[in-house]
Amino acid sequence: MENEISAWILDKIRNGQAILFLGAGASYDAEIPEGPVRFSAEKLRDLICDRFLGGDQKDKSLVQVADYAKHQAGLNEVQVFIKNQFHPLQPANFHKLIPLFRWHSIYTTNYDLVIERAYDQVKDRLQKLAPIFRDGDQFSEAMRDPDKLPYFKLHGCISVINDENLPLILASEEYAKHQRNRVRLFQHLSDSALEHPIIFCGYKIGDPNIQQILFDLFDKGINRPNYMVVDPGLNKFDVQMWQSNRINPVKSTFAEFLSNIDNLIEKNMRVLGALIQPSKESYRSFLKSGASVTPQLLQYLSTELEHVYDGMPVGGVSPKDFYTGLDDGWAGINQDLDVERKISDQLLIDAVIDDQITGFNTFLIKGYAGSGKSVCLRRVSWNAARDHEAAVFYLKKGAVLRPSLVKELIGHIDGRLVISLDDALANKADLQKLYDQLEHDNDELVILTTSRSNEWNQDGGDLERYVSAEYELEKLSDREIDLLISKLEKFQCLGNLRNEDMPEVKRNFGLTSDRQLLVALHEVTSGKPFEQIVYDEYQRINPAEAQLLYMDVCTLHRLNVPVRAGLVSRISGISIEDFKSRFIAPLEHLVKVYMDQRSRDYVYVSRHPLIAEFVFDQALDNPADKAEQIVRVISKMNIDYDADKHAFSSIIRGKTLAKLFSDKGLAKKIYDAAEEAGASPSYIWHQRAIFELNHPGAQASAAMSAINRAERELEAHRTDKSILHTKALIYKRMAKESQNKLEIDKYRAEARLILERLLKNDNDSRPSHSIAELLLDELEDQLRTIADPSSEPEDLKERALISIIKRAEDAIYKGLQRYPSDEYLLVSQAKLAEKLNDSSKVRAVLDRAYRQNMSSDYVAIALARNLRHGGETESATKILREAITKNPNSKPLHLELSKYLIAKNDQSVAEEIMHHLKRSFSPGDSNYTAQFWFARQHYLYQDKSVALGIFDNLKAAKMPPFVRRKLDGHSLDGAGKMLSYNGQVTSDRVDFGFIRCAELGDDIFTHISHLDSENSASGLRVGLEVTFNLAFSMRGPVAINVRQRY
């Protein structure tokens, strides 16, 4: 038999790249107390006949007999019976050889627990079994963990027989009947089978189970590796049949096969990281004496977490490739092709050189897409390792941040560990886990990371409290432009500008340097618009298959998502081996390939998502072509993979498709294809509803039909807050479009009911904004009613108007307290003020309502604002004071009055302001706006330590980063002009620093963006005497308008 197993398949088994596919015969000779036992379909059929059918019908198929039994006794009783037959099975000794190898995955049509028990009983197993019974079942978690082995139970398992949505499949004829929740299980097999050899054990060639599964894989037009079948009963005709379908037959029992490979493959060749010794690795000098590194960490350091050190082996890159974004390794840094940005040195000082920092610290490089964040991160990491001998490890592209292994590495490193990872938000969940593990430790860890500025402002809130300092990559400075031009000239990459004099080159570069750096480099070196450059590249690709592959890559990478090789194989039949042999030359300067550890698959990306976006837009200028390409890609996706899932959810978003396609029919084709991909029907119908709601030809009725379908498609007893919110918006739109008052009232009541339910969610401002907008619609209608003398009695109209105003004020106030500076709520607040101030009758109505009930806080606030808008500030203040005497516990009234008094800029009322601010919130509540003003007042007029304590709490509160940084509460004099303060710069960083101010008795933070135009070029310098104005953010005092004092 040794010669019958091909050397290629044996090598794949050795390297953990083979797929094991087990049929009923693989469980033959499993143990029960009486001894070895063999279960076949025929034996199970006979047992079911004896138990449920009086011994009759044994001439029928297993499926037919099972259907009879289910009709007689019910599904659950039949499945319990089957479970009782298989549950006693225990693994034989040969089964316990399976865990001693590493496998890519295991698939089975068996229901028993023989394999699970084998892995449980073998303590020195090389992987942890991860059973997968249904679509999405812990698949992504298993794939991203190299120690986990995905174990697909295609026909179900006796451990989950109580799930009526996942019945046992007794034969292949039942696939169509029980396909729900299993579509992607078979898709995983077809994906993996295109790149990895399958070893079939326990099947006969005539077995209908295997015939059904192999139907597509037997297609001779598919490029796939050879497979192998292990069968002790092979005859010469079986051999010929298998071989004709590129399957190598091996005449052997399953036990003999396992015993043979156990003898053929040395045990030390199967163990993860066995050949890696820490004494031979580059990082040995950083390890503590006697450090014992686990095999898992050794493997992690050899495949995912790269040690950066002086003298590390580095490949080469042509300067032109580097400047057009093709290099994402260390070659360009090693060849000194990059221009060190002004933040680089400061980041090195803060994160590596400064010996005062302790514990774990995170330093964030921010910038727009294409601004050079990744290159800057590599440069800082390189200099830290080479020039300062820091222990620097870089998370490779496609690698996973594994908190437990990082924690182990920290324990082994003598001194501070530096980990660099590109794109913090792509690693958000793992970073959070790592921070949680380090929260109460004194581990010395520095994390250097990056993020796009706009994405961080939107989604970085949960991580921001862990960030020690942020560094913004602004547009290139004059000095940086000069350095870059000199390098372009040195490496002969000036293109059409090579014959121009230096001032002309700089002028041309200056025209584009405020755009993406990547775009500027392309345009300067080629002399053509960026769009034309990338389109010309696309047009020149040959052969046509390569061009098509490039478009597939760009279709997804424009969403910043890598494209799995398995997905490309399904779309176009091009395997990774095909790519390497046939397409690497035509796509050499356009496509990059790397191993993605999350999917255990190779992935393709373009040079940059910006380039991918331009290719997609330029090459597919016809909407119908765009739709066809999207359909082509999503129809082959497997959303159990994280990359596919992210791309899928982005590509079918309703708002995106509403902007992209004026023809609704094109979007419908995309959504129909999405359903075929096996994605959540609920998510798809939700996006259809959003599409209908946002399309220029919007139909509220169609949107409502889609959102109702989305709700019906949810699993039983489950609700989805996003779906509910969209449904409320549809009701709001329906009310807006209706001319029937009864309908309007009904739709608004439905919307309000949903939104009030959603308001209990503390992490989302959308319900607060939507309910405010709903009330503004009501207010608009009621204002028209007030102006119509022929409508209902004045008293009723006024009472209705006051009720709406009170509810709108309440909704906006509570929303802004929880989500300070939320742009949507602020717009709603401005719209409310505009509506109230524009109506001549509103003030009279508000005044009458206030006189009738002076304790109504929101009526008093609305009246005061109306008076203030009309210039009657003293009257407005009087109203608020009167209202507070009637309602002394009203937090909104106290906050409103304090803001009026603050606006006076009169220090004589400082005590009164403090009194009201103190009563505008409760300790620990979410009235962040009130706490901000209270802290500001303390800082300026009372106790700075109290103020700084409150600001510390606000820093840790959950809110978007842009809210945390927004400036307000400027320090003004009695005339309303900003007060000036004098100070001296005591600490300077590249883009921020601190100013010591004797008058304030504090060191005030400032950012380079707050320097006036005359001083921005020279930046901050220690010892510089400056004058500045003062404002506040949720983080504390900020010096603005900083200028040199002469």
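Quick note: to get my numbering, add 755 to the position in the sequence shown (first position is 1). Where is the CB? At the ideal position from N, CA and C, for every residue including glycine.
Glutamate 1528 carries a helical assignment under DSSP once its states are collapsed to helix, strand and coil.
Annotated as proximal: glutamate 1199 and isoleucine 1168, with beta-carbon spacing under 9 Å. Glutamate 1535 places its beta carbon 9 Å or farther from that of serine 1583.
Look at the beta carbons and you see the stretch 1341 to 1359 touching the stretch 895 to 906: at least three pairs across the two are nearer than 8 Å. In this structure, glycine 1756 sits away from alanine 1702, with a CB-CB distance that is not shorter than 9 Å.
Secondary structure note for arginine 1207: it is in no alpha helix (DSSP H), and the uninterrupted beta strand (DSSP E) holding it is 1200 to 1207. Here the stretch 1433 to 1445 lies against the stretch 1406 to 1413, with 3 or more beta-carbon pairs under 8 Å apart.
In the three-state scheme derived from DSSP, where H, G and I count as helix and E and B as strand, histidine 910 is classed as coil. Comparing alpha-carbon positions, the option among Asn1642, Leu817, Glu789 and Arg1539 lying closest to lysine 798 turns out to be Leu817. Cβ neighbours of aspartate 1178 within its own chain (closer than 8 Å, five residues either side excluded): Thr1204, Thr1205 and Ser1206. When the alpha-carbon of phenylalanine 907 is set against those of Pro901, Arg1719 and Phe941, the nearest one is in Phe941. For glycine 1084, the CB contacts under 8 Å within the same chain, skipping 5 residues up- and downstream, are Val1069, Gly1070 and Val1072 in chain order. For the pair serine 1175 and leucine 1150, the CB atoms are nearer than the 9 Å cut-off. Judged by pairs of C-beta atoms under 8 Å, the stretch 1616 to 1626 touches the stretch 1640 to 1658, as three or more such pairs exist. In the three-state scheme derived from DSSP, where H, G and I count as helix and E and B as strand, glutamine 1739 is classed as strand.
Shortest Cα-Cα distance from leucine 904 to any of Arg889, Arg880 and Leu921 involves Arg880.
One Cα belongs to alanine 779, the other to isoleucine 1329, and the distance between them is close to 33 Å. Of Ala1599, Pro1317, Glu1368 and Arg1539, the smallest CA-CA separation from phenylalanine 1403 is found for Pro1317. Counted as a single uninterrupted DSSP element, the stretch harbouring threonine 1079 is not any alpha helix (DSSP H), since DSSP gives it neither H nor E. Closest by C-alpha distance to alanine 873, out of Leu925, Val835, Ser782 and Glu919, is Ser782. Assigned with DSSP and collapsed to three states, alanine 1146 falls in strand. In its chain, beyond the 5 residues on either side, Phe776 and Val984 have a beta carbon closer than 6 Å to the beta carbon of phenylalanine 955. In the three-state scheme derived from DSSP, where H, G and I count as helix and E and B as strand, aspartate 1767 is classed as coil. Between the alpha carbons of tryptophan 1211 and alanine 1398 lies a gap of roughly 20 Å. According to the DSSP secondary-structure assignment, isoleucine 1795 is paired through a beta bridge with Asn1784. Close CB contacts of tyrosine 982 within its chain, under the 6 Å cut and outside five residues either way in sequence, are with Pro952, Ile953 and Ile1002 (chain order).
Counting only the Cα atoms, glutamine 845 lies some 23 Å from lysine 959.
The C-beta separation of isoleucine 1394 from alanine 1432 comes to about 7 Å, placing the pair in contact by the 8 Å criterion. For alanine 1457, DSSP assigns no beta-bridge partner whatsoever. Judged by DSSP secondary structure, threonine 1481 falls within the alpha helix (DSSP H) whose first and last residues are 1476 to 1492. Excluding residues up to 5 positions away in sequence, Pro1004 lie with their Cβ nearer than 7 Å to the Cβ of valine 994 in the same chain. Restricted to the stretch 1339 to 1380, the alpha helix (DSSP H) segments that are unbroken, complete and at least 4 residues in length are 1364 to 1374, listed in chain order. In the DSSP assignment, asparagine 1003 is bridged to Met983. Alanine 1685 is not a Cβ neighbour of methionine 1789, given a cutoff of 9 Å. In this structure leucine 1734 does not touch asparagine 1796 by the C-beta definition: roughly 11 Å separates them, more than the 8 Å allowed.
Restricted to the stretch 1562 to 1639, not a single beta strand (DSSP E) segment is unbroken, complete and at least 3 residues in length.
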